[in-house]
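Here is the structure we will look at, set down as structure tokens.
Residue numbers (my numbering): 29 to 287.
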């Protein structure tokens, strides 16, 4: 496994943008509204206005140039991307005291200044925190309950410290770690082959622990998506009939309830 991967701002922006656009096509444009920055970056995100975030210039530049969901779909199970252009957040962060970005995390769990949380769990004990490290060029998948599914064994970079308490404030250090581009492509592939599927009726995502032995319910839901044209004409969600799939899922769940 690789200890580190060279960080590239442009490649990271491209990887995140591509993945978010994939999510928009999968969930549907009404359920996943994506807004893009102007060529010079989001004007409300500057090194001065975001000084209270305690992050490095590389992190702030990344936040300035990626798109954001203003209606946020789940990108992993019970996990939504953060929106750093939210007007309330942008006003609130101006009031935070400016601190020097830390080089190391502390005992309270404060992350290093070069690591940013891109997505967080909807519920405290369920879902993931998605961290991106602009120093090592990796994504860290922090499972909130510490219970890692089998598919996380595909990680392709070394964790920071395998000996830390996975349930403590520094638990992210022992979590699965991926090269940035590898991570987002891996996620797209899991959705393409339907190891993971969108829960179109609830705005969530289904990520079974064991994809080698899917249950009957998983197989039925996959077939519904396949019948509606997933993964699209280009393999990236273009042209699939999300409304048809949603209607078929409603009928399927009604069938289950009537049993």
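Glycine included, C-beta positions come from ideal geometry on N, C-alpha and C.
* Asked: Curious, which full-length alpha helix (DSSP H) runs of at least 4 residues does the segment 151–229 contain?
  -> 208–220
* Which residues bound the beta strand (DSSP E) around residue 107? -> 107–109
* Asked: Between the Cα of residue 280 and the Cα atoms of 267, 258, 246, which residue gives the shortest distance?
  -> 246
* **Between the CA atoms of residue 265 and residue 278 - distance to the nearest angstrom** => 21 Å
* Asked: Beta-carbon separation of residue 167 and residue 112 under 9 Å?
  -> no
* Asked: Skipping 5 residues on each side, what residues in its chain have a beta carbon closer than 6 Å to that of residue 64?
  -> 95
* Range covered by the beta strand (DSSP E) that runs through residue 148 -> 143–149
* Asked: So, helix, strand or coil for residue 232, using DSSP?
  -> strand
* Using a Cβ-Cβ cut-off of 7 Å (strictly less than) and excluding sequence neighbours within five positions of residue 227, which residues of its own chain qualify? -> 233, 234
* To do: Could you name each continuous alpha helix (DSSP H) segment of 4 residues or more that falls completely within the segment 55–113, going from the start of the chain to the end?
  => 85–93
* To do: Kindly confirm or deny that the segment 137–149 and the segment 159–175 touch, where touching means at least three C-beta pairs closer than 8 Å.
  => yes
* Cα-Cα separation, residue 178 to residue 172 -> 16 Å
* Alpha-carbon to alpha-carbon, residue 43 and residue 80 -> 27 Å
* To do: Excluding the 5 residues preceding and the 5 following residue 88 in the sequence, name in chain order all residues of the same chain whose CB lies nearer than 8 Å to its CB.
  => 73, 74, 75, 78, 81
* Asked: So, residue 101 versus residue 263, is the Cβ gap smaller than 9 Å?
  -> no
* Out of curiosity, what's the CA-to-CA distance linking residue 184 and residue 285? -> 42 Å
* **DSSP state of residue 122 mapped onto helix, strand, coil** => coil
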